[in-house]
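Chemist:
There are 4 protein chains.
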Amino acid sequence: MSESQRVAIVGAGGYTGSELVRLIHGHPRLELAWLGARDNAGRRLGDVLPSVEGIPALGDRVLQPFEADRAKELAAQVDVAFTALPHAASARIGTALLEAGLRVVDLSADFRLRDAAVYGRTYGEHPAPHLLAQAVYGLPELYRDKLRGARLIASPGCYPTSAILPLVPLLEAGLIEADGIVVDSKSGASGGGRAPAPAFHFPESSESVRPYKVAGAHRHVPEIEQELSVAAGRAVQVAFTPHLVPMSRGILTTAYARVRAGVSAADCRRAAERRYASGLTAVLGEGKLPDTLAVRGSARAQVAYAVDDRVKLVIATCAIDNLAKGASSQAVQALNVALGWPDELGLPEVAVFP
Amino acid sequence: MSESQRVAIVGAGGYTGSELVRLIHGHPRLELAWLGARDNAGRRLGDVLPSVEGIPALGDRVLQPFEADRAKELAAQVDVAFTALPHAASARIGTALLEAGLRVVDLSADFRLRDAAVYGRTYGEHPAPHLLAQAVYGLPELYRDKLRGARLIASPGCYPTSAILPLVPLLEAGLIEADGIVVDSKSGASGGGRAPAPAFHFPESSESVRPYKVAGAHRHVPEIEQELSVAAGRAVQVAFTPHLVPMSRGILTTAYARVRAGVSAADCRRAAERRYASGLTAVLGEGKLPDTLAVRGSARAQVAYAVDDRVKLVIATCAIDNLAKGASSQAVQALNVALGWPDELGLPEVAVFP
Amino acid sequence: MSESQRVAIVGAGGYTGSELVRLIHGHPRLELAWLGARDNAGRRLGDVLPSVEGIPALGDRVLQPFEADRAKELAAQVDVAFTALPHAASARIGTALLEAGLRVVDLSADFRLRDAAVYGRTYGEHPAPHLLAQAVYGLPELYRDKLRGARLIASPGCYPTSAILPLVPLLEAGLIEADGIVVDSKSGASGGGRAPAPAFHFPESSESVRPYKVAGAHRHVPEIEQELSVAAGRAVQVAFTPHLVPMSRGILTTAYARVRAGVSAADCRRAAERRYASGLTAVLGEGKLPDTLAVRGSARAQVAYAVDDRVKLVIATCAIDNLAKGASSQAVQALNVALGWPDELGLPEVAVFP
Amino acid sequence: MSESQRVAIVGAGGYTGSELVRLIHGHPRLELAWLGARDNAGRRLGDVLPSVEGIPALGDRVLQPFEADRAKELAAQVDVAFTALPHAASARIGTALLEAGLRVVDLSADFRLRDAAVYGRTYGEHPAPHLLAQAVYGLPELYRDKLRGARLIASPGCYPTSAILPLVPLLEAGLIEADGIVVDSKSGASGGGRAPAPAFHFPESSESVRPYKVAGAHRHVPEIEQELSVAAGRAVQVAFTPHLVPMSRGILTTAYARVRAGVSAADCRRAAERRYASGLTAVLGEGKLPDTLAVRGSARAQVAYAVDDRVKLVIATCAIDNLAKGASSQAVQALNVALGWPDELGLPEVAVFP
């Protein structure tokens, strides 16, 4: 078991980068050895991330530029790189770092889909299809064994995490039908990233709840379907509707699936409890329902189940912090597992409440 | 056609009462002749409703107490009474006012369900079952003819309005299956009323999205099912999940239903456009989606349709202001129709944006 | 007294333009005859303003381009033009429209400062200094007489309105010292306009309160000082600190000034009540304090006074809706007065609460 | 230097208690040995604090009742007690615990004021005036030496912390006049505590900015004045205006004071930098201004200075998280100092951004 690791963040100026800085700074065995950015290269970290302004050891550091041809140089300084860049760019840099000998945890979509053709239909030609077989999907609750020692980790998307966690145990245990699953998700605005845009302009986000990219148009659909298909042992397709709600952090997903005859909410809870005996996903007890505020700033997920006997549907719900369990804390959790450390090492378990 | 009407609001201190004050004050043919309250009786209106503080003609008026035995007295002063009290109380007072000769628009749940037994299972014994046959469900888009001249109007619930508007045209036209309908609704906190409670305490509502009363437990389920059953011509049951989101006003409902073979989003739009040729419900064009911010403070509803051909589901969406089209403006709209006036008379059509 | 007026809005796609559309659409004697924009020219109004999407008579209209050389053409179609463009552009177009014979209500900063040199130091060379003497400062509570019949109205800024209203009566009545006045203002994000920017990106506005442009750096300082100087009869300088708070609409200004010996809060209230006997500014009674929520969406302002006898300071507070009394409703109110109509004609008095 | 300490929280169900649970759970040398409450005694912690629901080691613990006569019993189990109860109750229980041999960090107002008569005028008769001389004001930036080894620590109020930090260095260095200081503070709703009330009901907090308890009426005025008087070496009185703004956590204070001739912002910064060379208060560089979002969830404060030369005033600003540096993290920081540990031990330095 490694004693400690030097870490690079490539793409520290965005929201997942910002959250990685917070989490790694508080981690007892990870050292923030190198911080890089693209558009923000050359700027003081404190000028880019208000959260570190006034902490000299962080705020006065300067964000480094990074080009793939400097991978060897970086490999001499760190053990692990978190890549948090837009898709395609992330893969290119991640590939170079991996080949230079670093362990890579990629927070983009680039290594999540196992089939380069599926990736291609959504994102364009894959920059490094030869690495897909090597990449491990970084959801420790499901891929614990594969993650141990993994050198290329594809950290899951935020919406997929919130859809996969409540549904996979039910599909694996055969408690629900694989057809006709509906996934209705509500996300805070930080899920849209840090670049200002009309959809996230405060006066037009406040008091606004709206669906977007409905009817299969969202890029996360193939990722959700990939993991549900693994669990079901057959191809699964879902109706996925993302919504933007006026909060900063958090995703609440409400999934609907037809239950097999006689299946109760307690059956669902038991299946999930067995599946999530280790990890950072809590199965809430009878009568409890998840709440984004109950996980804000924390590395944990909450899932809960109710069955509507009148219409024979399970209502499977999940709350995560989209920047933590939906991105950066999950990336650190996966690294913890890869290194043989406890999942929760250095991660905030108690939410910031209120 | 009546020239103008003197109006009483019984229950002016809550949120639907507050919204009635705003709307009726701005209505060219309604005169705010009498304002009553229960707990707030005897207080200055400006001390109860900050929205009128500083307008002497409103703020300095004193809220009157009201007992059912004073119905005759009130009937001498006004033509129409809006009752906005908790259920049961509303029916008792509404009955007295109706019998004293007033036209009554009731904003509680008391006259919405046609079957007293169904009411009883949810709310307890009905105080005035003999009036149920006379009450008209106050959704002008659906009950225009019955509303003309109606003397007892049951103003619809907020969630039901947002579920019925997008689904009824599809059921009536036979475009969707009546089985397996999922209704996933997201409501602002004002839907919970004006009494402070932990669920609506600002620090615990902010950054919080959460489901509640899942799996058929919400009181609005029978009302939704009643109207969908009428449209389908058979008994319909739905999975209904209400969610609380951190905004003040607004409901966004996302409904899922299986489309019949070959049905497109355009088919759904055409069915709704035909149905809503008159009234205050807009059917959005292709590619457009509803937004609570686009209807805030306005008397309008927005509905839109998308079909996910991969999974054969329609995603039918609707945005309303829960206190306006989901309560008070719909009550005024129904009165307008009852009196032979245009639906939109005196009502705000343009939303408060941003 | 004019019976009705045809109105043009030049710059209908921004927030003040959007609010003008709402207010003029609801005005019984103003007809929305022409709608123009710069960047949004050629687009459907419903695509630009979500608040009118679904209202065919508004949403399907197309925003017209406007160049100053088409002023005569426009003058044939309308009686009054509201110009809501960035400074300098607003003056250029306003000048052309004025010279073509239209009455002009300008919502930019261009005609607010009487001294072109002061304007120049803040905004650059004035495009039409010869018109400054003709422009009337559009604060009806203070300039009622000059506004009657005015053909060029300079609608006041949002911060200035909130600072001038509580302080002018005290300066005029000699109740406070003119030296050492502090103006501490808190504004919602819509004050920053509609263009997305990091400062107004939802995740960075939410849970954020911050001062900006402190120590005299804000462009509204000269306007505040101009009007306070008129009231004091001598040059007045203030410390002005604007703050951004996480709400969409509203300004709350807290001003501090040294009271002359023996002056009480009641004295301040009486002075303000005399000054604001007509208009849309309410002086709150003893123990009451203003609240942005109590004026949201309404054309009214609230002012209140408290005196801290220990430190001999008056705390003069004011709440307005920055887009209404701080911009668009004040512009309509000024036009009402110019045309000899009541201040409040067609304007919402009751706030949207909650 | 102590190796580790067992900790009790008396009053774990409120917001400062909740934040203590989060901070102490993440502290490497503090062990959460005992959790008590008053109204919530007997309930599962997870039922009271959503932030720990799903963490068995915390969520399943049961809140203990506490009576002063059980102090000895508790003293056998822990080394330190944090008391987070309403005033008077806190003092009674704190006294018993102190006398039973525990170190006590009190988060109420009970031990903050050195003069029992001043306390009496605000809160009623002091329950333990004999302990006032022994209590150390727990602001480590100012009372580091007295805190070392302290056994009774009075953790400062939230508003006072935000007013004292920016002003004390200026008063101590004689850079400002002690007369005429204005303190204008903007607080999030969590400052009002956890009990639901109309002022904090989401629909009435959202979009609402309002002053309250103006003109010296707020209970924190004597505490602010006590510490400013110490710094000035003479009695200081301030005008203090608290405001409620629509956010959950955070206080932004803007203070105004007359600068002595020739004093610049740089002079103010230097004075503060010298004063805060150690501790968790950052003095921001030229042109930077504090932001509540930049300290949310963190143990740090930000202060900044600007001088308006036209009016000879310094604008001294400060941002804190009211529940962290304004309450619970400051209490832990003070304990760290009392025990000879580094201020920041176990405390979150990087803010939760966004």
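Residue numbers (the working numbering), protein chains in the order written: chain Y, 467 to 820; chain P, 467 to 820; chain B, 467 to 820; chain F, 467 to 820. Just so you know, even glycine gets a beta-carbon here, dropped at the ideal spot from N, CA and C. From a predicted model like this one, the values you see are computed outputs, not experimental measurements.
Please list, in chain order, the chain D residues whose beta carbon lies closer than 7 Å to that of residue 671(F).
Modeler: Of the protein chains in this structure, namely Y, P, B and F, none is chain D.
Chemist: Would you say residue 650(B) faces chain F, with C-beta separation under 8 Å as the test?
Modeler: Cβ-Cβ to chain F under 8 Å: yes for residue 650(B).
Chemist: Strictly below 7 Å CB to CB, what residues from chain Y border residue 663(B)?
Modeler: Per Cβ cutoff of 7 Å: 662.
Chemist: Is the beta carbon of residue 625(Y) closer than 8 Å to that of residue 686(Y)?
Modeler: Their beta carbons are under 8 Å apart, which means residue 686(Y) touches residue 625(Y) by this criterion.
Chemist: What is the DSSP secondary structure of residue 651(F), counted as helix, strand or coil?
Modeler: In the structure shown, residue 651(F) sits in a strand (DSSP, three-state: E or B).
Chemist: Exposed or buried, which one is residue 650(B) when buried takes at least 16 other CB atoms within 10 Å?
Modeler: By the neighbour-count rule (16 or more Cβ atoms within 10 Å), residue 650(B) is buried.
Chemist: For the stretch 476-502 of chain B, enumerate the residues whose C-beta is nearer than 7 Å to any C-beta of chain P, in chain order.
Modeler: The residues in question are 481, 484, 487, 488, 491, 492.
Chemist: Just to confirm, are residue 551(P) and residue 500(P) a CB contact at a threshold of 8 Å?
Modeler: Taking 8 Å as the Cβ cut-off, residue 551(P) and residue 500(P) do not qualify as a contacting pair.
Chemist: When the cut-off is 8 Å and only beta carbons count, does residue 712(B) lie next to chain F?
Modeler: Judged by the 8 Å Cβ criterion, residue 712(B) is in contact with chain F.
Chemist: If we count the other Cβ atoms within 10 Å of its Cβ and call it buried at 16 or more, is residue 796(F) buried or exposed?
Modeler: By the neighbour-count rule (16 or more Cβ atoms within 10 Å), residue 796(F) is buried.
Chemist: If contact is defined by three or more beta carbon pairs under 8 Å, each pair taking one atom from either stretch, is the stretch 575-585 of chain B in contact with the stretch 664-679 of chain B?
Modeler: Judged by Cβ distances under 8 Å, the stretch 664-679 of chain B makes no contact with the stretch 575-585 of chain B, as fewer than three pairs qualify.
Chemist: DSSP on residue 768(B), reduced to helix/strand/coil?
Modeler: Reduced to three states, the DSSP call for residue 768(B) is strand.
Chemist: Take residue 660(F) as the anchor and find which of 713(F), 479(F), 768(F) has the nearest alpha-carbon.
Modeler: Closest option to residue 660(F), Cα to Cα, is 479(F).
Chemist: Nearest by alpha-carbon distance to residue 637(P): which of 620(P), 584(P), 696(P) is it?
Modeler: Nearest option by C-alpha distance: 696(P).
Chemist: On the CB-based measure, 16 or more other CB atoms within 10 Å of its CB, does residue 469(Y) come out buried or exposed?
Modeler: Exposed is the call here.
Chemist: Taking only runs of the beta strand (DSSP E) that begin and end inside the stretch 770-797 of chain F, which ones reach a length of at least 3 residues, in chain order?
Modeler: Fully enclosed beta strand (DSSP E) runs of 3 or longer: 779-786.
Chemist: Throw me the rounded Cβ distance for the residue 534(P) and residue 558(P) pair, which I believe falls under 8 Å.
Modeler: Rounded, the Cβ-Cβ distance is 6 Å, consistent with contact.
Chemist: In this structure, how does DSSP classify residue 742(P) when only helix, strand and coil are distinguished?
Modeler: Coil at residue 742(P), not helix or strand.
Chemist: Among residues of its own chain, excluding the 5 on either side of residue 512(B), which ones have a beta-carbon nearer than 6 Å to its beta-carbon?
Modeler: Once the five neighbours on either side are set aside, the close Cβ partners of residue 512(B) are 518, 519, 525.
Chemist: Out of 542(Y), 740(Y), 602(Y), 662(Y), which has the shortest C-alpha to C-alpha gap to residue 568(Y)?
Modeler: For the residues 542(Y), 740(Y), 602(Y), 662(Y), the minimum Cα distance to residue 568(Y) belongs to 542(Y).
Chemist: Can you list the residues of chain Y that residue 655(B) reaches, using a CB-CB cut of under 7 Å?
Modeler: Residues of chain Y passing the Cβ test: 668, 669.
Chemist: With distances taken Cα to Cα, identify the nearest neighbour of residue 514(F) among 665(P), 808(P), 755(P).
Modeler: Per the Cα distances, 665(P).
Chemist: What residue ranges within the stretch 521-556 of chain Y form continuous beta strand (DSSP E) runs of no fewer than 3 residues, ordered along the chain?
Modeler: Here the runs fully enclosed are 546-549.
Chemist: My guess is that residue 713(F) and residue 675(B) are in contact by the Cβ rule of under 8 Å, so how many angstroms apart are they, rounded?
Modeler: The Cβ separation is near 7 Å, so the contact holds.
Chemist: Around the Cβ of residue 673(F), are there at least 16 other Cβ atoms within 10 angstroms (buried) or fewer (exposed)?
Modeler: Buried, by the Cβ-count rule.
Chemist: Is there contact between the stretch 719-736 of chain F and the stretch 632-646 of chain F, where contact requires at least three CB pairs shorter than 8 Å?
Modeler: Yes: at least three Cβ pairs fall under 8 Å.
Chemist: Within the stretch 687-728 of chain P, note down every full beta strand (DSSP E) run reaching 3 residues or more, in order along the chain.
Modeler: The stretch 687-728 of chain P contains these whole beta strand (DSSP E) runs: 704-710, 717-724.
Chemist: With three or more beta-carbon pairs closer than 8 Å as the criterion, would you say the stretch 760-776 of chain F touches the stretch 800-807 of chain F?
Modeler: With a cut-off of 8 Å, the stretch 800-807 of chain F and the stretch 760-776 of chain F do not count as touching, because too few Cβ pairs lie within range.
Chemist: Hey, does residue 684(B) have any beta-carbon neighbour from chain F nearer than 8 Å?
Modeler: No, because no Cβ of chain F sits closer than 8 Å to the Cβ of residue 684(B).
Chemist: Taking only runs of the alpha helix (DSSP H) that begin and end inside the stretch 561-597 of chain Y, which ones reach a length of at least 4 residues, in chain order?
Modeler: Counting whole runs of 4 or more residues, the stretch 561-597 of chain Y contains the alpha helix (DSSP H) stretches 582-589.
Chemist: Under 8 Å between the Cβ atoms of residue 741(Y) and residue 635(Y)?
Modeler: Yes; because the gap between Cβ atoms is below 8 Å, this pair is in contact.
Chemist: How many angstroms separate the CA atom of residue 623(B) from the CA atom of residue 658(B)?
Modeler: Near 12 Å, if we compare the C-alpha coordinates of residue 658(B) and residue 623(B).
Chemist: Rounded to the nearest angstrom, how far is the Cβ of residue 492(B) from that of residue 814(P), given a contact under 8 Å?
Modeler: About 7 Å; that satisfies the 8 Å criterion.
Chemist: Say whether chain F places a C-beta atom closer than 8 Å to the C-beta of residue 536(Y).
Modeler: So, not an interface residue.
Chemist: Distance check for residue 483(Y) and residue 477(Y), CA to CA, integer angstroms please.
Modeler: Looking at the two C-alpha atoms, the distance is approximately 6 Å.
Chemist: Going by alpha carbons, who is nearest to residue 481(B) out of 743(B), 678(B), 788(B)?
Modeler: If we check each option's Cα against that of residue 481(B), 788(B) comes out closest.
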